[in-house]
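S.K.:
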Amino acid sequence: MGLLTIIKKQKIKDREIRCLILGLDNAGKSTIVNKLLPKDDQILDNEITPTIGFQIHSFYHSEHLITIWDIGGQSTLRPFWDNYFDKTDILIWCIDVNVQIRYDESIKELKNLINMNNDRIGYDFPILIVLNKTDLLLQQNDGNNLIEGKLLSLQDKVIKSLNLENKVTKNYEFIQCSASHGDGIENIMNSIIASSEYNS
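When you line the sequence shown up against the numbering used here, it's residues 2 to 201, in that order.
1. Nearest-angstrom Cα distance between asparagine 164 and valine 100?
2. Does the Cβ-Cβ distance between histidine 62 and isoleucine 69 come in under 7 Å?
3. Tell me the residue span of the alpha helix (DSSP H) that contains valine 34.
4. Alpha carbon to alpha carbon, what distance is there between threonine 77 and serine 1?
5. Mind checking which residues open and close the beta strand (DSSP E) that includes tyrosine 104?
6. For glutamine 140, which of helix, strand or coil comes out of DSSP?
7. Would you decide whether serine 196 is buried or exposed? Buried here means 16 or more other CB atoms lie within 10 Å of its CB.
8. Isoleucine 22: buried (16+ other C-beta within 10 angstroms of its C-beta) or exposed?
9. Below 8 Å on the Cβ atoms is my contact criterion, and I expect valine 131 with isoleucine 93 to pass it. Report the Cβ-Cβ distance as a whole number of Å.
10. Please look up how many angstroms separate the CB atoms of proline 127 and asparagine 172, rounded, as I've assumed it's under 8 Å.
11. Short of 7 Å in beta carbon distance, which residues of its chain neighbour phenylalanine 175, apart from the five on each side in sequence? Order them along the chain.
12. Can you say whether isoleucine 72 is buried or exposed, counting buried as having 16 or more other CB atoms within 10 angstroms of its CB?
13. Give the single residue among Leu38, Thr135, Leu114 whose Cα lies nearest to the Cα of phenylalanine 151.
14. Check the C-beta distance from lysine 30 over to threonine 52 and give it rounded, since I have them as a contact under 8 Å.
15. Tell me histidine 202's beta-bridge partners as DSSP assigns them.
16. Can you tell me whether glutamate 110 is buried or exposed, with buried defined as 16 or more other CB within 10 angstroms of its CB?
17. Would you kindly report the start and end of the unbroken beta strand (DSSP E) that includes glutamate 174?
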């Protein structure tokens, strides 16, 4: 390996972005991660299984080394989430918009994390809140306007419940996503890359 190659790899290493993706079980976190990976590293959707414990994925994109920590969302694993925040550059929180009865549970878990790390989450690094499985809402034939209204209502509920509008920093973002169809994945990647500027 030549010296220039070593230097180039070190420069990319210095531009590493560490992403932590969390959310309730079955929110679609692993599917989102799979779609973010380079095409050659992706697997078929029907081969994706729930994450037990955690999985780490590293790949290069736009001259950045992106490392994604995908942590299981089962209730037995949630007490350990806080252990994974060290050196995090961006938190991706995933909500399954198709299961309305779990909205409050998801918001409560995110609120617990923010309260536990009040001086870090949204301050030391941004929060990206992904509203996933929008395609399943479309299957309910509620009409686009009604679906958009539901998603905006959920966003408002999250903002108010977490008191985000009163935070000194406004470093949070919502992205609508259908991971299984690939919708919204590019926006998520753009936000991941943008987080490097926030932390530089």
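For every residue, glycine included, the Cβ atom is placed at its ideal position computed from N, Cα and C.
M.R.: Let me lay it out:
1. For the purposes of this step, residue 164 is identified with residue 163 of the sequence shown, where counting begins at 1. For the purposes of this step, residue 100 is identified with residue 99 of the sequence shown, where counting begins at 1. Note on geometry: alpha-carbon atoms of asparagine 164 and valine 100 lie some 23 Å from one another.
2. For this step, residue 62 is matched to residue 61 along the sequence shown. For this step, residue 69 is matched to residue 68 along the sequence shown. Taking 7 Å as the Cβ cut-off, histidine 62 and isoleucine 69 do not qualify as a contacting pair.
3. Numbered from 1 along the sequence shown, position 33 holds the residue referred to as residue 34. That run of the alpha helix (DSSP H) goes 30-37.
4. Limits of the chain in this structure are 2 at one end and 201 at the other, which puts residue 1 out of reach.
5. Counted from its first residue, the sequence shown places residue 104 at position 103. No beta strand (DSSP E) holds tyrosine 104; the alpha helix (DSSP H) holding it covers 104-117.
6. Residue 140 sits at position 139 when you count from the first residue of the sequence shown. Three-state DSSP puts glutamine 140 in coil, outside helix and strand.
7. As a working note, residue 196 is residue 195 in the sequence shown. Flag for serine 196 reads buried.
8. Reading the sequence shown from its first residue, position 21 is the one you call residue 22. Per the 10 Å Cβ criterion, buried.
9. Walking along the sequence shown from the start, residue 131 turns up at place 130. Walking along the sequence shown from the start, residue 93 turns up at place 92. With 8 Å as the limit, valine 131 and isoleucine 93 qualify as a contact, their Cβ atoms being about 6 Å apart.
10. Locating residue 127 in the sequence shown gives position 126, where the first residue counts as 1. Locating residue 172 in the sequence shown gives position 171, where the first residue counts as 1. That pair is a contact at about 4 Å.
11. Locating residue 175 in the sequence shown gives position 174, where the first residue counts as 1. Counting only Cβ-Cβ distances below 7 Å, and skipping sequence neighbours, we find Ile130, Leu132, Gln156.
12. Here residue 72 corresponds to residue number 71 of the sequence shown, with the count starting at 1. Flag for isoleucine 72 reads buried.
13. Within the sequence shown, the letter at position 150 stands for residue 151. Reading off the sequence shown, one finds lysine at residue 151, where the question assumed phenylalanine. Checking every option, the nearest Cα to that of lysine 151 belongs to Thr135.
14. Taking the first residue of the sequence shown as 1, we reach residue 30 at position 29. Taking the first residue of the sequence shown as 1, we reach residue 52 at position 51. Rounded, the Cβ-Cβ distance is 7 Å, consistent with contact.
15. With the chain represented from 2 up to 201, any question about residue 202 goes unanswered, as that position is not in the structure.
16. As a first step, residue 110 must be located in the sequence shown, where it is residue number 109. With 16 or more Cβ atoms within 10 Å of its Cβ, glutamate 110 is classed as buried.
17. As a first step, residue 174 is located in the sequence shown; it is residue number 173 there, counting from the start. Note, glutamate 174: beta strand (DSSP E), 173-177.
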